[in-house]
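Colleague: Protein sequences, first through last, are from chains A, B and C. Going by full-length UniProt numbering, the first sequence opens with residue 1, and the numbers climb by one from there. Going by full-length UniProt numbering, the second sequence opens with residue 1, and the numbers climb by one from there. Going by full-length UniProt numbering, the third sequence opens with residue 1, and the numbers climb by one from there. The structure under discussion is supplied below as structure tokens; questions concerning it will follow.
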Amino acid sequence: MASVEMRNIVKKYGDGYPAVNDVSLDIADGEFMILVGPSGCGKSTLLRMVVGLEDITSGDMIIGGKRVNDLAPRERNLAMVFQNYALYPHLTVFENIAFPLRLQKVPDDEVRRRVNEAAEVLELKEHLERKPANLSGGQRQRVAMGRAIVRDAEVFLFDEPLSNLDAKLRGQMRTEIARLQRRLGITTIYVTHDQTEAMTLGDRVCVLRKGVVQQVASPRELYEQPANLFVAGFIGSPPMNFLPASVSGGRVRFPFGEFTLDERRAAAVGDRDLVLVGVRPEYFEDAKLVDDAKRDRGITFTARVDVTEWLGDAQFAYIPFEAPEEIVNQLRDLSRELDSDQLRTQAVVSIDASSRMREGHEAEFWMDTRKVHVFDPKTGENLTRDAEAGAELTRMAAEEREAQVAEARGAAAAAS
Amino acid sequence: MSTMSTREKTWWIIAGIAIVIYALFPIAWIVSLSLKAPADISNGQFLPTIFTWENYELILAGDAAELFLPALVNSFGICLIATALACILSMFAAYAIARLDFPGKKIILSTALAVAIFPVISIVTPLFNLWRQIGLYDTWPGLIIPYLSLTLPISIWTMSAFFREIPWEMEQAAQVDGATSWQAFRKVIVPLAAPGVFTTAIIAFFLAWNDFVYGISLTSTSAARPVPAALGLFSGASQFEDPTGAIAAAAVIVTIPVIILVLLFQRRIVAGLTNGAVKG
Amino acid sequence: MTTTTPPAAPEADTRTTGAHRTRNGASDRAKAERRLGWLLAGPAFAVMLLVTAYPILQAVWDSLFSYRLTDPANREFVGLGNYWVVLTDALWWQSFAVTALITIITVAVELVLGFALALVMLKALRGLRPILRAAILLPYAIITVVSAFAWQFAFDLTSGFVNSWFSWLPGISADTDWFGGFGSSLFVICLAEIWKTTPFISLLLLAGLAQVPDVLQEAAQVDGATWWQRLWRVTIPNMKAAIMVALLFRTLDAFRIFDSVFVMTAGANGTETVSFLAYRQTISRLEIGMGSAVSVLLFLSVVIIAFGFIKLFKVDLSQARGDK
């Protein structure tokens, strides 16, 4: 087990375009780090540079305190689960899992012991003699993980391991991976484009955009204190709403009315003609259903409901709003970059499932104004980000993880 | 592999150049030999001291022309007919194999395979006897028929492999789009199938063109003797002082069509060869 | 190996489960399809049988007679007598051994060399690939007789350049007669065969190589495999079918060697191969009976080799060829 440090990593291809640009990232021993971003953001390239399948143009890759830039993959002692598993079709499940051990010329009985152990953990015992072609998608996935866990690798690497599974199996395997990582306490880097996987699995998440790191933080911090428009729009489903507004003297005017920012945020924003206000869907509620105790923490407004979606446990309403053309264009671009087809000039609003709001009619909404963020539309920067509060969230997550790792190691020590 | 260093790249390029030299060297040698004057042949060098067309004149217009030119006509005629017949027969067979469901498909393909590995000599012995009896010895048909044992199996294999990859449902799609059956066949299937047929024809032609055993066994005069057989027997017939230059020139001439076909259709030929043999 | 399902298969499924089932399990349409299938494929099938099965049966029949073409009056049934004569004659075993030797040497060298060529072609830069492909196709496409002449002339005492080029090597001088002895003759014959047929093997192997997914290489790299280990443990096992097919075809082809021997030595210095022996018996000496016996024995050898391969190495040709 080892920590991974990346120092100013750059990857340039033949055409000079940097696929990964100046990425610095510290991954602690035993940490579960997620690399996330839309397709083409450089996350897979970065992972392949960690494992050594891709040359590093400049910068240092340090694993376990040792610079590995010039080491071949096999000298790095890392384990990787590929997107399509890369199982060897000519070998049985047993031999697939045993493959790395065979290469190290580990004695036969030791191989058998370790493969059986891994098979036990992954519930593959009864499939050991089968060929990969005869396995289901989930089983193949587990064999690939088996190959990774038999060999005491320094770091686990996952390259979109769940994207070839159907939705139900994906959820199942997600929890399995999480449990396994906690149990083994092994440093893990996991690449995905799926923000749900990112949020549920990671101790920390690194959001990449066009090869540049946008923010590295615990899932909670990303959600509560996003660094910029991109992160705010990427994390969360349905995504955060961005509404055009103007601010003067801490007073925000936006399509649904006016409200006042608290002192800290007012000072941070100052007076601006055009900003984007970021409001998560769940900050809204049907005004009829809001507790009186909560009501004065926000504002109420009326708006016409375009469409409602009732899902049983939740309900979404769509409210169109007007925006200046430059904002419309910018939101469209952002949408495209996030691989989302969301129409950005309507707000998505999460309301209680029991609400009887009707489509095409006016309705009264309540909006929690305490957690609203204000973004600079030109730079995309989050003007109201509370770095301290965010850091606190990540610190808490780190403590939690350390406790878990210690527990796992304690249990392992007790068992042996 | 994405991690290929410049040094590694250089090595692969050098290896590639080595392959080109490997492939071209003997050909270059025979060309060079064909351009040597008789006195130059034994100079012990790769290149001639003076270049001369003498040998080509000898076989195209000189004393050897009466041996070489008919052989060239025979070779072209017999090989083209044998190839065409094989292609027509295997077109129907391959269509049936790729398209229809009938028992015996496997038998046909296995037979083709068995025929392809058949020792030609074992066929030639009885044919030699039979052809003499029924008057096919030393005639064009007397070679065309056994040539089918060379061209037909490979044609069936290669064409079936090509035809299997044709999206036949396109024909129905075209009919839905308003084409008559004939139009659908003519405008959709023929253009899709044509490259496969064409490639098969080239490969079959190579095989026929390469024949030697039938050529020397089943002919006795220039009435039907193809070029490889004529070449092989040149050295035996001591009509010339030293046949080396003439043989080299003739060898170059019969190699030209092969080189042209290879240069023009190399990609297709490779696809046809490997499709038929590895993939099916 | 990809297995391409014939497009007709799904239709066939729905048809057999359809309502139009007669007692023997085939619907009228299926029957019509069967008939059409044989109608279309039949002629090719018949011609193939005609040009091979008929001659070989005729050869078997002829081999049972003592029969000389110049002396038809004394044609006499001798049963297996010709086979007895052939199999007890050292000449047959000598030519059989030479053929086997040539086969083993050429196929072994070609396999290694062909694999190397395939690797180079796989790694070659995109711009270089068509050049390599065209170059490598030339030896394959060239007439065997022409290639044999080229190599013969190169090593020949008078017309050759090899002696003067390689005179610095011990044992080679201006008057080294390559076609004067058994070993050196065989060397040149093998060289010519290897040059001409390696490209075919390498193309088959290249097709096999191309079917091994890159990601397996990467996975093995991460799993800690060296270049050699990747080659032996991942690449080669995954292209076994292609290797076996190439090996089988080349072995059978090499065993039938005739053209090069005819041109280069005409069987001198003990370089006579089985095919050449059969040719000499029949066409030169007009011993139809004896020649037929040799032909049949050659045919049987080829069949045994083919079956040996299929049984011993479990070469599943139908699978390798994607014929379900």
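Virtual Cβ for every residue (Gly too), placed ideally from N, Cα, C. Every value quoted in this text rests on a predicted model; they were computed, and no experiment measured them.
(1) In the structure shown, what three-state DSSP assignment does Thr187(B) receive?
(2) At which residues does the beta strand (DSSP E) containing Arg251(A) begin and terminate?
(3) With three or more C-beta pairs closer than 8 Å as the rule, is the region 124-138 of chain B touching the region 214-224 of chain B?
(4) Are the CB atoms of Val262(B) and Ala141(C) nearer to each other than 7 Å?
(5) Where does Val145(C) fall in DSSP's three states?
(6) Can the beta-carbon of Leu274(A) be found less than 7 Å from the beta-carbon of Phe375(A)?
(7) Using Cβ-Cβ distances below 7 Å, what residues of the region 212-245 of chain C are close to chain A?
(8) If you draw a straight line from the C-alpha of Pro73(A) to the C-alpha of Leu205(C), how long is it?
(9) In this structure, what does DSSP give as the bridge partners for residue 417(A)?
(10) Measure the alpha-carbon distance for Ala353(A) versus Leu311(A) and round it to whole angstroms.
(11) With DSSP as the reference, label Trp366(A) as helix, strand or coil.
(12) In this structure, how does DSSP classify Arg332(A) when only helix, strand and coil are distinguished?
(13) Under 9 Å between beta-carbons, which chain B residues line up against Met290(C)? List them in chain order, please.
(14) Looking at chain E, is there any beta carbon in it that lies within less than 7 Å of the beta carbon of Pro119(B)?
(15) Could you compute how far the alpha carbon of Ala287(A) sits from the alpha carbon of Arg295(A)?
(16) Could you check what DSSP says for Glu154(A) in three-state terms: helix, strand or coil?
(17) Rounded to whole angstroms, what is the Cα-Cα separation between Asp262(A) and Ser335(A)?
(18) Whole angstroms is fine: what's the gap from Thr22(C)'s alpha carbon to Asp28(C)'s?
(19) Using CA coordinates, which residue listed in Phe234(A), Gly233(A), Arg265(A) and Met49(A) is at the minimum distance from Ser248(A)?
(20) Would DSSP call Val68(A) helix, strand or coil?
(21) Would Tyr279(C) count as contacting chain B if we go by Cβ distances under 7 Å?
(22) How many angstroms separate the CA atom of Thr265(C) from the CA atom of Ala148(C)?
(23) List the DSSP bridge partners of Val23(A).
(24) If you follow the beta strand (DSSP E) that Leu53(A) is part of, which residue opens it and which one closes it?
(25) Which residues in chain C have a C-beta closer than 8 Å to the C-beta of Arg204(A)? List them in chain order.
(26) At the level of alpha carbons, what is the spacing between Asp71(C) and Gly267(C)?
(27) Could you tell me which of Val109(C), Phe65(C) and Val234(C) sits nearest to Arg250(C), measuring between CA atoms?
(28) Smallest Cα separation from Ala398(A): which of Glu221(A), Ile327(A) and Ala314(A)?
(29) In three-state DSSP terms, what is Thr221(B)?
(30) If you scan the region 76-132 of chain A from start to end, which runs of the alpha helix (DSSP H) of 4 or more residues do you find wholly inside it?
(31) Leu36(C) touches chain B at which residues, Cβ-Cβ below 8 Å?
(32) Using a 10 Å radius around the Cβ and a threshold of 16 neighbouring Cβ atoms, would you call Glu8(B) buried or exposed?
(33) For the alpha helix (DSSP H) that contains Val98(C), what are its first and last residues?
(34) Does the count of Cβ pairs from the region 77-84 of chain A and the region 138-153 of chain A closer than 8 Å reach three?
(35) Are Asp194(A) and Phe32(A) touching if we call contact CB-CB under 7 Å?
(36) Would you mind reading off the limits of the alpha helix (DSSP H) that contains Glu165(B)?
Modeller: In short, the structure shows the following:
(1) Reading the sequence as shown, one finds Lys at residue 187(B) and not Thr. Reduced to three states, the DSSP call for Lys187(B) is helix.
(2) Arg251 to Phe254
(3) yes
(4) yes
(5) helix
(6) no
(7) Val215, Leu216, Glu218, Ala219, Gln221, Val222, Asp223, Gly224, Ala225, Thr226, Gln229, Val234, Pro237 and Asn238
(8) 27 Å
(9) Because chain A here runs from 1 to 416, residue 417(A) falls outside it and cannot be looked at.
(10) 8 Å
(11) strand
(12) helix
(13) Per Cβ cutoff of 9 Å: no residues; Met290(C) is ~10 Å from chain B at best.
(14) The question asks about chain E, but that chain is absent: this structure's protein chains are A, B and C.
(15) 8 Å
(16) coil
(17) 30 Å
(18) With a pLDDT of only 42 at Thr22(C), under 50, the local geometry of the prediction cannot be trusted, and the value read off the model is given with reservation. Whole-angstrom Cα-Cα distance: 8 Å.
(19) Arg265(A)
(20) coil
(21) yes
(22) 10 Å
(23) Ile9(A)
(24) Careful: Leu53(A) lies outside any beta strand (DSSP E) and carries neither H nor E.
(25) By Cβ distance, chain C contributes nothing, its closest Cβ being about 23 Å from Arg204(A), past 8 Å.
(26) 26 Å
(27) Val109(C)
(28) Glu221(A)
(29) coil
(30) 93-103 and 108-122
(31) Ala96, Leu100 and Phe102
(32) exposed
(33) Ala90 to Lys123
(34) yes
(35) no
(36) Note, Glu165(B): premise wrong, no alpha helix (DSSP H); not H, not E.
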